[in-house]
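What follows is a short report on a single structure.
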Amino acid sequence: MSSMPGDAGTEQTTTVIIGTGLSGLAVAAELCRHGVDSIVVDGLDILGASQPANTSSLQRCDAADSDTLRERNEILRHLRNYAASHSVDIRNTTRAVQLTMLEGSEQDTAPQWQVHTPTGILVADHIVLTRCAHSQLRRMLNDFGIAVGRNVAAAMRAIGIYLVGVGELITPSPKEVLRQAKTVGHAISAKVNPDSLRPSSGAFPATGGFAMLTC
Numbered sequence: 001m002s003s004m005p006g007d008a009g010t011e012q013t014t015t016v017i018i019g020t021g022l023s024g025l026a027v028a029a030e031l032c033r034h035g036v037d038s039i040v041v042d043g044l045d046i047l048g049a050s051q052p053a054n055t056s057s058l059q060r061c062d063a064a065d066s067d068t069l070r071e072r073n074e075i076l077r078h079l080r081n082y083a084a085s086h087s088v089d090i091r092n093t094t095r096a097v098q099l100t101m102l103e104g105s106e107q108d109t110a111p112q113w114q115v116h117t118p119t120g121i122l123v124a125d126h127i128v129l130t131r132c133a134h135s136q137l138r139r140m141l142n143d144f145g146i147a148v149g150r151n152v153a154a155a156m157r158a159i160g161i162y163l164v165g166v167g168e169l170i171t172p173s174p175k176e177v178l179r180q181a182k183t184v185g186h187a188i189s190a191k192v193n194p195d196s197l198r199p200s201s202g203a204f205p206a207t208g209g210f211a212m213l214t215c
């Protein structure tokens, strides 16, 4: 793991994952296994009401612990060990405070994203969110001037934002979070390396009655 530089600056990465819990670590592990770089930071804070154009803030929407807390903690332990042994860039003390969309240089070019932190700016092609209610996500899309249909997740994927472990009312089970992380990891790696996508390797040991992050 590495830490943010002491002075404010700009860093470039393929994916910024916002949320250092189970969902964030699961996506980071999947991307690592696909050879895609990422940086994991803590969740977004509340900002003031005044926002520049193409900028949005997200409130934290931490879900309550489920009945499967012990299973979740066991999976977290495996994920943290995997992250440490593979030098996954997890910044537990770095908090995302603002998300800004940078328009693509051409009409059909996907936007880039700036994740502002107290110590610098992370620039990425893809963002993964692991907290927030769908109503909040709709407001964010409206802030960015993007039309929202019934499928919020699809609207967000179209601009390079992916959701893992995000539920409106019910917290997804650990198994469902891992399934979503695998799907998102595959989707991002397919965009990054469309001609050389390889099967995942180095599966985690089985935990809680199912194999972690494996088919």
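Going by full-length UniProt numbering, the residue at position 88 of the sequence shown is 88; the numbering climbs one at a time, nothing skipped.
Idealized CB from N, CA, C, for every residue including glycine.
Residue closest to residue i, alpha-carbon to alpha-carbon, out of the options
| i | options | result |
| --- | --- | --- |
| N193 | P118, V88, N151, R33 | R33 |
| P111 | I127, I121, T117 | I127 |
| A190 | V16, V36, G24, I18 | V36 |
| Q12 | L25, H116, L79, R131 | H116 |
| H78 | A29, V16, S38 | A29 |
| L163 | T171, V184, G43 | V184 |
| G19 | G43, L31, V177 | G43 |
| residue 236 | N142, S38, S173 | Limits of the chain in this structure are 1 at one end and 215 at the other, which puts residue 236 out of reach. |
| G160 | R131, R70, P172, L141 | L141 |
| P172 | A83, N92, R131 | R131 |
Rounded separation between residue i and residue j - CA only
| i | j | result |
| --- | --- | --- |
| D195 | K175 | 29 Å |
| L137 | S87 | 31 Å |
| V40 | G165 | 15 Å |
| V27 | A181 | 5 Å |
| A147 | R179 | 28 Å |
| T10 | Q114 | 9 Å |
| M156 | R150 | 12 Å |
| E103 | G145 | 12 Å |
| I17 | V97 | 13 Å |
| D89 | L122 | 12 Å |
| residue 231 | A133 | Here the chain has residues from 1 to 215 only, and residue 231 is not among them. |
| R91 | A83 | 11 Å |
| S135 | A158 | 18 Å |
| A154 | A187 | 13 Å |
| R80 | L69 | 16 Å |
| N73 | V177 | 13 Å |
Expected contact under 8 Å - CB spacing of residue i and residue j to nearest Å
| i | j | result |
| --- | --- | --- |
| T119 | T100 | About 16 Å separates the two Cβ atoms, so there is no contact after all. |
| L22 | I75 | 6 Å |
| L31 | T15 | 6 Å |
Could you give the uninterrupted runs of the alpha helix (DSSP H) lying entirely in the stretch 118-152, keeping only those of 4 residues or more?
-> 134-143
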